[in-house]
Amino acid sequence: MSLKVDNIVKTYGNYTAVQGLSFEMNEPGVFALLGTNGAGKTTSIRIILGMLSADSGSVTWHGKPFCTANESIGYLAEERGLYPKYKIMDQLLYFASLKGMKRPDAQRALDYWFERLGVQEYRDKRAEQLSKGNQQKIQLIAALAPNPELLILDEPLSGLDPVNAELFKSVIRDEIKQNKFVIMSSHQMSTIEEFCRDIVILNKGKTVLQGNLNEIKKGYGRVKLTVKCEGDISAMAQECGLAVTEETPNGSSFNVSSEEQAHALLHRIMDSGMPLIKYELREPTLNEIFIEKVGESDEK
Amino acid sequence: MKNNNAGIARGWKKVFSFTFTQYIKTKSFIIGTIIISLIVILIVGGINIIPKVLGASDEITGSGNQNTEILLNTVYLTDNSGVITGEDREALKTSGLKLAESDKSTDDLISELSQAEEGQALITVTPEELDGAVLGYAVKTFYSPGTDGDSVDTASGLVTEIVKYRNIVDLGVSPEDYAASQRYVTASKIEAGSDEWSIFETMINYIVPMVFSLVLFILIFAYGQTVAQSIATEKTSRVMELLLTSVRPLAIVIGKVLAMGLISLLQFILIGVVGGATFLVTAPFGIGGDLMNMLQNADIQVGENAEIVDAVNSSFGSLSPLTFILILVIFILGFLFFALIAALVGASISRMEDLAQAMQPYSLLGVLGFYLAYFPVIFTMESIDTGAASTNPMQIFSYYFPVSSPFALPSALLLGTLSLPQVIIATLILAVFVALVAVIVARVYEMIILHNGSRLKFGDIIKMAGRK
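First to last, the protein sequences are chains V and A. Residue numbers for the first sequence follow our numbering, so the first one is 238 and each next one is one higher. Residue numbers for the second sequence follow our numbering, so the first one is 23 and each next one is one higher.
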């Protein structure tokens with residue numbers, strides 16, 4: 238067992254920011270902390286990092302109480318921050334020294350990351366002279382330079398163009414290969430699905446869904462049906478007890494209660510002789526699960 | 023869950039080192055330091071040289087005598103009163119007056135002088151009579167164009183003194199009695215039980231506290247504001263979140279406050295060094311050299327010069343290494359007091375544009391402390407005329423009140439206005455107050471540093487301090 242978050246609670250007056258969050262990371266990989274805005278993700282991350290004290294509960298790392306100052310952690314905050322007036326190299330060396338790195342080691346690590354992320358020419362520039370995307374790269378360097386065992390990435394890809402987003406993804410993949418523990422928070426569900434093994438979904442401080450992403454999806458089964466034909470299939474769908482949930486140029490979407498229900502619709506279309514362009518029966522995406530779970534939670 | 027409190031200030035040295043090295047590289051610091059140094063050079067050099075240029079040094083000379091050179095090549099003396107004797111003429115020559123004889127009439131001499139080269143003068147002594155009785159004497163000095171005005175005044179003064187002297191002595195008063203009649207008389211009112219100051223002591227006792235409180239205010243208050251700005255910048259630019267993954271908030275406060283304190287102290291010392299160096303360099307050309315000469319020859323000074331020597335010795339004579347150590351301690355405590363409050367203010371805002379408004383209570387506190395230290399000195403200015411030592415209760419209060427004592431105590435120490443035990447008591451009160459502020463800041467800072475949203479008000483912060 239490596240990282241264990243056990244029933245942490247944080248309140249501000251009458252407002253409960255986090256209510257009994259628990260999860261474990263027993264082996265390296267990426268863990269997703271998901272939620273709507275204000276769900277308690279950032280507060281949870283700050284408690285895990287030791288920036289905030291929880292009212293109750295505990296965070297342990299390798300079985301011992303978690304202490305920021307003693308652990309090797311890399312953190313990319315949601316709201317990026319650099320000293321606007323100071324030179325990039327000066328501030329990165331400072332951040333590295335606070336992590337306990339010796340100057341030659343820090344210099345070597347920074348040289349590597351400058352090259353890896355293609356920002357060598359900015360090392361002697363002031364942060365305010367850099368574009369937002371390049372500032373984000375510098376922040377990622379600050380998080381990665383100490384070669385942390387635990388990496389916390391809060392919205393790592395937000396605001397990046399597709400090329401730089403791919404560059405960041407490749408870096409994250411490399412970190413995973415190096416057996417790092419990564420906690421990722423993002424609203425880009427496709428990215429979460431791409432990297433994460435386990436997830437927690439928070440809504441208004443409460444955990445509304447938790448577990449292994451593949452198992453969660455399997456638990457739902459193949460309940461999402463998309464059909465595209467050269468004609469109107471709404472009457473046939475209705476005969477099968479299906480209602481269109483979404484109509485797009487890619488076809489009509491349905492929620493099915495079983496695979497048999499979907500097959501019944503397929504048979505009717507085939508029997509009618511209507512040309513079929515697309516028929517897809519799949520598990521729900523994380524995005525669909527997220528919307529469903531948060532919606533259910535709000536209704537309660 | 024409780025955070026691990028071990029090493030609560032771990033990493034402060036790195037924060038200190040980074041803050042220090044980055045700040046001294048900033049343009050604002052470099053330009054500010056240059057401007058301050060230039061101002062000090064101008065003030066010290068100006069105070070030293072300008073009075074000399076304006077002739078004030080006539081009254082302050084190292085020998086204690088009035089040996090001003092009289093820049094007159096020829097002086098004609100026409101005595102129509104008959105009071106000036108041959109002995110007096112010799113005395114005038116001994117004083118440096120180059121007396122010359124002429125058979126020409128007064129009008130002719132005046133006419134010649136109007137065309138003559140500079141450095142020539144005619145002094146006439148004429149009795150003014152009414153009904154045959156002499157009412158007085160008129161001493162008139164006519165001089166050629168371009169002649170040194172000070173020399174003309176000196177020559178005229180010498181002749182006037184001779185006429186006065188001879189007038190009295192001719193009435194049968196002995197030269198000794200005449201000298202005795204010229205003794206000066208001063209009038210002063212002194213509250214029973216207070217120290218009695220000479221006019222020079224009084225001036226020193228006003229000027230030194232005013233200058234000191236002003237310099238200390240600028241350093242302590244301005245750098246306190248820099249601490250607030252620095253923390254606010256880290257918080258609003260979200261750098262704080264990154265820092266807090268490595269160090270605790272208290273380490274950031276300690277590192278920053280100490281770094282700014284050291285910079286402030288170094289600038290304080292720099293002001294002293296630049297001021298001292300300027301004084302030494304300009305002393306030979308200004309009144310500073312005369313004053314140093316006077317102090318070195320203190321035992322032979324007479325008249326006002328002796329009073330100045332006494333005043334300087336009386337005001338600064340009790341200085342010891344302990345005085346300077348205590349001044350350093352008071353400076354550090356004062357800086358910590360204001361910087362810790364400023365750190366709290368900086369941490370309480372979420373947007374830089376809120377900083378000015380959030381700093382208002384801090385500014386009021388600083389200005390209050392400064393005025394409490396500064397204004398009692400001005401309010402008692404009338405004492406200069408009377409020579410009474412100040413016993414202004416407001417001034418006494420300013421020494422013990424922690425908000426004003428950092429600005430008031432150092433000069434009280436320098437001038438010996440307070441006794442050593444009194445200074446130690448005042449310093450201890452300040453130290454206790456600083457410790458109290460430090461406890462409150464340590465308690466509240468961690469709670470507010472990650473607060474984002476509306477600006478925290480003073481009441482909110484006090485409530486937080488009271489929470490368990």
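Heads up, the beta-carbon is just placed ideally off N, CA and C, and yes, glycines get one too. None of these values were measured; they are calculated from a predicted model.
Item, Value
"Test: A:Thr267 CB closer than 8 angstroms to a CB of chain V", "yes"
"Whole-Å CB distance - A:Leu358 paired with A:Val456, under 8 angstroms assumed", "5 angstroms"
"Chain V contact residues for A:Leu264, given Cβ-Cβ distances below 7 angstroms", "Tyr312, Ala314, Gly318, Phe332 and Ala379"
"Chain-ordered neighbours of V:Leu387 on chain A, where CB pairs are closer than 7 angstroms", "Residues of chain A passing the Cβ test: none, with the nearest at roughly 10 angstroms."
"C-beta neighbour in chain A for V:Pro321, strict 8 angstroms", "yes"
"Straight-line gap, V:His500 to V:Arg459 (C-alpha atoms, nearest Å)", "12 angstroms"
"Any chain V beta carbon closer than 8 angstroms to A:Leu284", "no"
"Per-residue DSSP class, three states only, for V:Phe303", "coil"
"As assigned by DSSP and simplified to three states, the class of V:Gln357", "helix"
"Whole-angstrom distance between A:Glu468 and A:Ala369, CA atom to CA atom", "9 angstroms"
"Counted within 10 angstroms of its Cβ, other Cβ atoms place A:Met374 as buried (16 or more) or exposed", "exposed"
"Residues that V:Met288 contacts on chain A, provided the C-beta gap is smaller than 8 angstroms", "Glu263, Leu266, Thr267 and Leu472"
"Residues, ordered as in the chain, of the region 364-387 of chain A that lie near chain V by beta-carbon distance below 7 angstroms", "none"
"Cβ-based neighbour list, A:Ala281, same chain, cut-off 6 angstroms, excluding 5 preceding and 5 following", "Phe38, Thr41 and Phe42"
"CA nearest to the CA of A:His473, picked from A:Pro149, A:Leu131, A:Pro271 and A:Asn189", "A:Pro271"
"Beta-carbon contacts of A:Ile371 that lie in its chain and below 6 angstroms, excluding the five residues immediately before and after", "Ala254, Leu377, Ala380 and Arg477"
"8 angstroms Cβ cutoff met for A:Gly308 and A:Asn70", "yes"
"V:Thr280 beta carbon less than 8 angstroms from that of V:Leu289", "yes"
"Assigned exposure category for A:Gly158 - 16 Cβ within 10 Å defines buried", "exposed"
"Identity of the residue in V:Ala379, V:Gly370 and V:Lys406 nearest V:Asp398 by Cα", "V:Gly370"
"Ranges of the alpha helix (DSSP H) found wholly within the region 106-184 of chain A, counting only runs of at least 4", "108-116 and 128-137"
"Cβ-heavy atom distance, A:Arg205 to the ligand ATP, below 7 angstroms", "For the structure depicted, the ligand ATP is absent and the ligand set is empty, with no information on it obtainable."
"Buried/exposed call for V:Ala382, threshold 16 Cβ in 10 Å", "buried"
"Classification of A:Thr258 by the beta-carbon crowding that lies within 10 angstroms, buried from 16 upward", "buried"
"Beta carbon of V:Ile282 nearer than 8 angstroms to that of V:Ile245", "no"
"Partners in chain V for A:Phe40, counting only beta-carbon separations shorter than 7 angstroms", "Tyr331"
"Backbone secondary structure at V:Asn244 - three-state DSSP", "strand"
"Length of the line joining the Cα atoms of A:Gly283 and A:Tyr245", "7 angstroms"
"Interface flag, A:Lys278 vs chain V, CB-CB below 8 angstroms", "no"
"Cβ contact (3+ pairs, closer than 8 angstroms) linking the region 163-172 of chain A and the region 120-136 of chain A", "yes"
"Cβ contact (3+ pairs, closer than 8 angstroms) linking the region 408-419 of chain V and the region 257-270 of chain V", "yes"
"With 16 other Cβ atoms within 10 Å as the buried cut-off, status of A:Phe346", "exposed"
"Same chain, Cβ closer than 6 angstroms to V:Ser295, five either side skipped, listed in chain order", "Asp243"
"Chain A contact for V:Arg340 (CB, 8 angstroms cutoff)", "no"
"Those residues which DSSP pairs with V:Met421 across a bridge", "V:Ala269 and V:Leu390"
"Chain-order list of residues whose beta-carbon lies under 6 angstroms from that of A:Gly118 (same chain, five-residue window excluded)", "Ile92"
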